[in-house]
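Taken in sequence, the protein lines are chains E and P.
Mapped onto UniProt numbering, the consecutive letters of the first sequence carry residue numbers 1 to 359.
Mapped onto UniProt numbering, the consecutive letters of the second sequence carry residue numbers 1 to 359.
All C-beta atoms in this analysis are idealised placements derived from N, C-alpha and C, irrespective of residue type, glycine included.
Here's the structure, in structure tokens; my notes come after.
2 protein chains.
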Amino acid sequence: MQKILNVALAKRSYPITIGENLLSGFQHFKLQAGQRVLIATNETIAPLYLQTLIDMLEKHGVKTDSVVVPDGEKYKTIETWNSILTTLLANNHTRSSILIALGGGVIGDVAGFAASAYQRGIKFIQVPTTLLSQVDSSVGGKTAINHPLGKNMIGAFYQPQSVVIDLSCLKTLPQRELSAGLAEVIKYGIILDTKFFDWLEEHINDLLNLDVNALSYCIYHCCELKAQVVAADETEQNMRAILNLGHTYGHAIEAELGYGNWLHGEAVSVGMLMAAQTAKLLGKLDQTDIERIKNLLIRAKLPVNRPKKMSIESYLPHMLRDKKVLSGQLRLVVPTKIGHVEVMDGIDKSIVLESIANV
Amino acid sequence: MQKILNVALAKRSYPITIGENLLSGFQHFKLQAGQRVLIATNETIAPLYLQTLIDMLEKHGVKTDSVVVPDGEKYKTIETWNSILTTLLANNHTRSSILIALGGGVIGDVAGFAASAYQRGIKFIQVPTTLLSQVDSSVGGKTAINHPLGKNMIGAFYQPQSVVIDLSCLKTLPQRELSAGLAEVIKYGIILDTKFFDWLEEHINDLLNLDVNALSYCIYHCCELKAQVVAADETEQNMRAILNLGHTYGHAIEAELGYGNWLHGEAVSVGMLMAAQTAKLLGKLDQTDIERIKNLLIRAKLPVNRPKKMSIESYLPHMLRDKKVLSGQLRLVVPTKIGHVEVMDGIDKSIVLESIANV
Numbered sequence: 001m002q003k004i005l006n007v008a009l010a011k012r013s014y015p016i017t018i019g020e021n022l023l024s025g026f027q028h029f030k031l032q033a034g035q036r037v038l039i040a041t042n043e044t045i046a047p048l049y050l051q052t053l054i055d056m057l058e059k060h061g062v063k064t065d066s067v068v069v070p071d072g073e074k075y076k077t078i079e080t081w082n083s084i085l086t087t088l089l090a091n092n093h094t095r096s097s098i099l100i101a102l103g104g105g106v107i108g109d110v111a112g113f114a115a116s117a118y119q120r121g122i123k124f125i126q127v128p129t130t131l132l133s134q135v136d137s138s139v140g141g142k143t144a145i146n147h148p149l150g151k152n153m154i155g156a157f158y159q160p161q162s163v164v165i166d167l168s169c170l171k172t173l174p175q176r177e178l179s180a181g182l183a184e185v186i187k188y189g190i191i192l193d194t195k196f197f198d199w200l201e202e203h204i205n206d207l208l209n210l211d212v213n214a215l216s217y218c219i220y221h222c223c224e225l226k227a228q229v230v231a232a233d234e235t236e237q238n239m240r241a242i243l244n245l246g247h248t249y250g251h252a253i254e255a256e257l258g259y260g261n262w263l264h265g266e267a268v269s270v271g272m273l274m275a276a277q278t279a280k281l282l283g284k285l286d287q288t289d290i291e292r293i294k295n296l297l298i299r300a301k302l303p304v305n306r307p308k309k310m311s312i313e314s315y316l317p318h319m320l321r322d323k324k325v326l327s328g329q330l331r332l333v334v335p336t337k338i339g340h341v342e343v344m345d346g347i348d349k350s351i352v353l354e355s356i357a358n359v
Numbered sequence: 001m002q003k004i005l006n007v008a009l010a011k012r013s014y015p016i017t018i019g020e021n022l023l024s025g026f027q028h029f030k031l032q033a034g035q036r037v038l039i040a041t042n043e044t045i046a047p048l049y050l051q052t053l054i055d056m057l058e059k060h061g062v063k064t065d066s067v068v069v070p071d072g073e074k075y076k077t078i079e080t081w082n083s084i085l086t087t088l089l090a091n092n093h094t095r096s097s098i099l100i101a102l103g104g105g106v107i108g109d110v111a112g113f114a115a116s117a118y119q120r121g122i123k124f125i126q127v128p129t130t131l132l133s134q135v136d137s138s139v140g141g142k143t144a145i146n147h148p149l150g151k152n153m154i155g156a157f158y159q160p161q162s163v164v165i166d167l168s169c170l171k172t173l174p175q176r177e178l179s180a181g182l183a184e185v186i187k188y189g190i191i192l193d194t195k196f197f198d199w200l201e202e203h204i205n206d207l208l209n210l211d212v213n214a215l216s217y218c219i220y221h222c223c224e225l226k227a228q229v230v231a232a233d234e235t236e237q238n239m240r241a242i243l244n245l246g247h248t249y250g251h252a253i254e255a256e257l258g259y260g261n262w263l264h265g266e267a268v269s270v271g272m273l274m275a276a277q278t279a280k281l282l283g284k285l286d287q288t289d290i291e292r293i294k295n296l297l298i299r300a301k302l303p304v305n306r307p308k309k310m311s312i313e314s315y316l317p318h319m320l321r322d323k324k325v326l327s328g329q330l331r332l333v334v335p336t337k338i339g340h341v342e343v344m345d346g347i348d349k350s351i352v353l354e355s356i357a358n359v
């Protein structure tokens, strides 16, 4: 069983194919015999899936090279990006070559930015292997690398020609990372879709147990919701901001404790509860909705309390350095009920501090 | 006296303003009081024009930082690009900041690519200070850096919000670089415009003497011609190739002798004569047209004989490594009369070698 979602954007559209054992199938990659590809992957994913993908592509007449980079957010650097570009050049890849990103969000981001820059742009294909990257990075065309002075500060808006989501890859994903992906899934329910939130309350255990039908529906629906938001606002001027629910608080946790100690999804989980507290303090959200959100996060095995070793005051400097801050004004996305959010400017710092303290 | 050319491209259009003392005027920059800019320039241009530009911008309420990088093609690197990005971050520039490139083609290319990548794209303004960059880099949106394995291999197609061509900057340009710029000017006559070639034969001395009216007309017209070509083919799939007249042969000279020993325009001058020889050997160009081209290049103080220390055979490997080579087939732009070129595929190597030998 395969689901296909067509993402329609200004200049072109591309398909997201969702199903089992897709690494062993050819047509959803939208490649042709005689083409050349470079597969970029990491040291964790390479031993699990790289050979399967190479064998399948070579069998269909696609000439395949690969580059394996270290795994983890701390390697989302100019050096890793440059190593992909160097591999492309060293193997004489031309403008008609295609770059395949096989891995999680880091690989997708770095390889996507390499594809955007190589000879001013070659085609690329996303093969996201974590739940987080499947629901988050497949849609939107955001690619980036980190700079010592800021996360995701260097990059491009660049769309793939195809996204291949192989559900079978989730079997090797650590439980903690599966839960981190569910934080972004739950986010879509809170910001946009009450019924989807209801569905998640009913099926959260199916997702944790990797039930294929539940996963397939869930990922398809999240990509669909994100595609609607992105189509309305491709370069993040406005509406796209709602996707950042929990991210401004969450970024502070990640930055203060060091990326990787708390997974992105874990920080978003706690960040969403802080944003919910902000909404409550502003008289915009009921306690019953907060309880529903918190319970679903708990059932998804996500943290719901702030890290105790981090002081309440230490959040603010990070939050004020956020890319979405406009001239020193704090801008936050807050839920006003399950399935709806508002973007609020100029929130008082005392409210922010109290929101943090309450979680 | 100012001339304004509006360049209309798919998503947006921008003005090229051509005139004297434009660094002392504000409105053609399309900036507003309260905005922040970073000026990227090089060690040669900074002492000549940086303070003038800063003073004018600050006077109009624009907050200005600057970054000065080393001068020359060999600094068109990832490191220089990163140093511009680091300056943007270190000074807390946001998505609404504007990057100004003040200098020749190298600065325009590196800063343009930095603007395209900073926070996935900020606005930028080109202030080209050499004749070559004024006629060549102002239009087309090509930005790039070099990689040890290839020139211009990493970059983006990214359009400026405004181009400011201050003719007064040409007063400090070395004569040799002025002539190198004229090579690209003469190229436009050969590929697209017989009448413009006639005009150049009449006014080449005026241009060498920096006559403002002649320069203004000439630069405006070259930008106009290039804009027509680029508008028809923004991402270089097809027609844009005609702009590469003389560049495939010329690249070989630059690459073999080391970038900077022969200026780009000097290599293009000799390269155009080699392409003319190719056309003649294929029975497509008269000797009288070759003589006219050669005489104009001589009067522009450009080289018209190949570098003697470079063997005829040494051109081929470089020519086959060109970005425009498709699967090992040599593709050359050749003039068929003054004002017209053809793109030819699969030219026999013996013809290429004889073309080189004849120049």
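Starting from the C-beta of residue i, find all residues in its chain whose C-beta is less than 6 Å away, skip the five residues before and the five after it, and write them out in chain order.
i                         : result
asparagine 42 of chain P  : Val69, Asp71, Gly103, Ile107
leucine 330 of chain P    : Ile347
methionine 319 of chain P : Thr248, Ala252
leucine 53 of chain E     : Leu23
Name the chain P residues that come within less than 7 Å of residue i, Cβ to Cβ?
i                         : result
isoleucine 154 of chain E : Leu85, Ala117, Tyr118
asparagine 82 of chain E  : Ile78
Quick one: which chain E residues come within Cβ less than 8 Å of residue i?
i                     : result
leucine 89 of chain P : His147, Leu149, Gly150, Met153
Can you list, in chain order, the residues of its chain with a C-beta nearer than 7 Å to that of residue i? Leave out the 5 residues immediately preceding and following it.
i                       : result
tyrosine 220 of chain E : Lys3, Leu5, Ile18
alanine 144 of chain E  : Asp109, Phe113, Asn152, Ile154, Gly155
leucine 296 of chain P  : Ile186, Leu200, Glu201, Ile204
valine 229 of chain P   : Met239, Arg240, Ile242, Leu243
lysine 63 of chain P    : Arg36
cysteine 169 of chain P : Tyr49, Thr129
lysine 30 of chain E    : Gln161, Ser162
glycine 140 of chain P  : Lys226, Val230
arginine 299 of chain P : Ile204
Considering only residues of the same chain and omitting the five flanking positions on each side of residue i, which have a CB-CB separation below 8 Å?
i                         : result
isoleucine 351 of chain P : Thr278, Leu281, Leu282
isoleucine 338 of chain P : Gly189, Ile190, Thr194, Phe197, Asp289, Arg292, Ile293
glutamine 287 of chain E  : Lys280
glutamate 354 of chain P  : Gln277, Leu281
asparagine 305 of chain P : Val270, Val359
glycine 60 of chain E     : Here the sequence assigns histidine to residue 60 of chain E, which means glycine is not the residue at that position. Phe26, Leu31, Ala33.
arginine 12 of chain P    : Gln159
Residues of chain E with a CB under 9 Å from the CB of residue i: which are they?
i                      : result
alanine 231 of chain P : Going along chain E, no residue has its Cβ under 9 Å from alanine 231 of chain P, so there is no contact; the nearest lies around 16 Å.
Residues of chain P with CB under 9 Å from residue i, in chain order?
i                     : result
lysine 142 of chain E : Arg120
Taking the beta strand (DSSP E) that residue i belongs to, which residues open and close that run?
i                      : result
valine 7 of chain E    : 2-8
valine 343 of chain P  : 340-345
leucine 330 of chain E : Element bounds for leucine 330 of chain E: n/a, residue is neither H nor E.
Could you check where the alpha helix (DSSP H) with residue i kicks off and where it finishes?
i                     : result
valine 352 of chain E : 349-357
Which runs of the beta strand (DSSP E) spanning at least 3 residues fall entirely within the segment 11-53 of chain P, listed in chain order? 13-19, 36-42
Assess, as a yes-or-no matter, whether the segment 32-47 of chain P is touched by the segment 80-97 of chain P under the definition of 3 or more beta carbon pairs within less than 8 Å. yes
Is there contact here, the segment 172-192 of chain P with the segment 126-139 of chain P, by at least three beta-carbon pairs under 8 Å? yes
At 4 residues or longer, what runs of the alpha helix (DSSP H) sit wholly inside the UniProt domain "3-dehydroquinate synthase N-terminal" (67-179) of chain E? 78-90, 105-117, 131-136
Kindly confirm or deny that the segment 308-320 of chain P and the segment 253-262 of chain P touch, where touching means at least three C-beta pairs closer than 8 Å. yes
Taking only runs that begin and end inside the UniProt domain "3-dehydroquinate synthase C-terminal" (181-325) of chain E, name each unbroken alpha helix (DSSP H) of 4 or more residues, in chain order. 194-208, 212-232, 247-257, 264-281, 287-299, 315-320
Three or more C-beta pairs closer than 8 Å, one from the segment 207-225 of chain E and one from the segment 120-128 of chain E: is that the case here? no
Contact between the segment 21-30 of chain P and the segment 158-173 of chain P (3+ Cβ pairs under 8 Å): yes
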